[in-house]
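For reference, the structure discussed in these notes is given below.
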Amino acid sequence: MWIMTVVLYELFATYNTTAIIPPITLCNLSTDAYLAPAYWNQTHMNQLPNLSAIYTPLFVTRKFPVVDLSETASASVISARMFQPLMDHGQRIALHNLLSKFSKLMFQNGLGNRFFLNGPTLVGSLRHHDMIPWEVGIHVFVDIGIQDTLRELIDGLGSLYRFVHGTYRDRVYTHSRSLSSTELEEESGHAIELTNSDSETLTSLLCLEISYYAVGFKVVSRISPNINDRLAWPFEVIFPLYLRPFGTQWLPTPRDSWAFLTLDGYNLSQCSPNTYWRKHLLLDLDPGIPCTGLSTLYPFVPLPRNRVVTGKGCCEMHITNEPLMRRSRLGERYVWHTICVAVP
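Note that my numbering has the sequence shown beginning at 126, numbered continuously upward.
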């Protein structure tokens, strides 16, 4: 319990806690408006809520240099830092811009319904309408049938990006230094002062990770050389793809994202440390905590009640008003924003 107290105490000063109470939004669109198209259609996209007008940036501040992470020995300090941001605001913007560049590339080439958000990035869309505040990196799933085409397109992006090919997993790296302070200020609405990178450790975090899936008879399978990482989902859990909010972008996601993540081993009521802690420090303990313990520090989307995942696509799609909410230390709930979305 005392460790949790330290976690909350250390985190409290890292987040802008100003609450925004928007007017109630009327959801009068059909579910078809949220279907992910192959090609970008601005007339189609203009039907959806304007996320640029709704979105409030998660203005977070990294409180410690990344180079200090591996030198930390105290379990209580590690626990406190597991849920603090590893990236500053400029680096978050760089990742958002990388994802925007990637999604535009897909939609411009008729591939908008051949990729979707995956892993922690999909969790972020469901729980925060954005990146998980303490997470690093962007994760997407792409149809293996377009792997060669996609690689040719990414190779043509230019020198600001570094593309690393794997067998069934590719990575596109970017650098926050590729943005000027003026560009960052325009993106965020805040004055940004660029500083030198802490180390190559942080640079390695600023990437878009591409995993691949294959569509079979009634199932969609994750392709991996690691047999323990292979998984198949019922086709109707994933397709057709529906657009969900991620920052200022509408991006493709599985039809039933809740079931997709649950079958992949995620517990959406639990918050886990970011990818850096899980992969680079090889933690032996399970440091996940109930997300309710962080709801005074970061805004969350309330989880659906009494939802049971059966392994099949659930229910007909419908439109709902999805709020992003934060609790005060006295237990009061404040609505950050609301967005109309399509859900099963």
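The beta carbon of each residue, even a glycine, is placed where N, CA and C say it ideally should be.
Take lysine 343, set aside five residues on each side of it, and the residues of its chain with a beta-carbon closer than 8 Å to its own are Pro359 and Phe360, in chain order. When the Cα atoms are used, serine 349 and cysteine 396 turn out to be separated by approximately 25 Å. Taking 7 Å as the cut-off, the beta carbon of valine 261 is found no closer than this to the beta carbon of leucine 223.
Nearest to tryptophan 402 by alpha-carbon distance, out of Trp259, His462 and Val466, is Trp259.
Here the C-alpha atom of leucine 449 lies approximately 11 Å from the C-alpha atom of isoleucine 179. Below 8 Å, enough C-beta pairs join the stretch 374-385 and the stretch 234-248 to call them touching: three or more. A direct Cα-to-Cα measurement between aspartate 157 and histidine 443 gives close to 10 Å.
Contact check for serine 336 against arginine 294 passes: the beta carbons are separated by less than 7 Å. Every unbroken stretch of the alpha helix (DSSP H) spanning 4 or more residues and falling wholly within the stretch 196-251 is given here in chain order: 200-206 and 214-233.
One thing to note: alanine 161 has its Cβ within 7 Å of the Cβ of leucine 366. Remark: fewer than three beta-carbon pairs, one from each stretch, lie closer than 8 Å, so the stretch 278-290 and the stretch 447-467 are not flagged as touching. The three-state reading of DSSP puts aspartate 381 in coil, since its state is none of H, G, I, E or B. Going by C-alpha positions, glutamate 447 is about 19 Å away from asparagine 171.
Boundaries of the alpha helix (DSSP H) around leucine 176: 176-179. In the three-state scheme derived from DSSP, where H, G and I count as helix and E and B as strand, histidine 264 is classed as strand. The beta carbon of tyrosine 159 sits closer than 6 Å to the beta carbons of Tyr367, Leu368 and Ala467 from its chain, once the five residues preceding and following it are set aside; these are given in chain order. Residue state for leucine 356 is assigned as strand, using DSSP reduced to three classes.
In summary, aspartate 273 is exposed, with fewer than 16 beta-carbon neighbours lying within 10 Å of its beta-carbon over all protein chains present.
Collapsing the DSSP output to three states places methionine 450 in a strand. Classified as exposed, threonine 445 has fewer than 16 neighbouring CB atoms from the shown chains inside 10 Å of its CB.
In this structure, isoleucine 269 sits near alanine 339, with a CB-CB distance shorter than 7 Å.
Tyrosine 367 is bridged by DSSP to Leu160 and Thr378. Annotation for arginine 458: Met450 and Arg452 place their beta carbon closer than 7 Å to its own, counting only its chain and skipping 5 residues before and after. Taking a 10 Å sphere around the C-beta of glycine 372, we find 16 or more other C-beta atoms and assign the residue as buried. In the three-state scheme derived from DSSP, where H, G and I count as helix and E and B as strand, histidine 169 is classed as helix.
According to the DSSP secondary-structure assignment, cysteine 332 is paired through a beta bridge with Tyr298. For threonine 463, the enclosing beta strand (DSSP E) stretches over residues 458-468. Counting of Cβ neighbours within 10 angstroms places glutamine 216 among the buried residues, the total reaching 16 or more.
Threonine 299 and serine 284 have their C-alpha atoms some 10 Å from each other. When DSSP states are grouped into helix, strand and coil, histidine 254 belongs to the coil group.
Only buried fits arginine 252, as 16 or more other CB atoms lie within 10 angstroms of its CB. Residue pairing by DSSP places valine 289 opposite Arg296 in a beta bridge.
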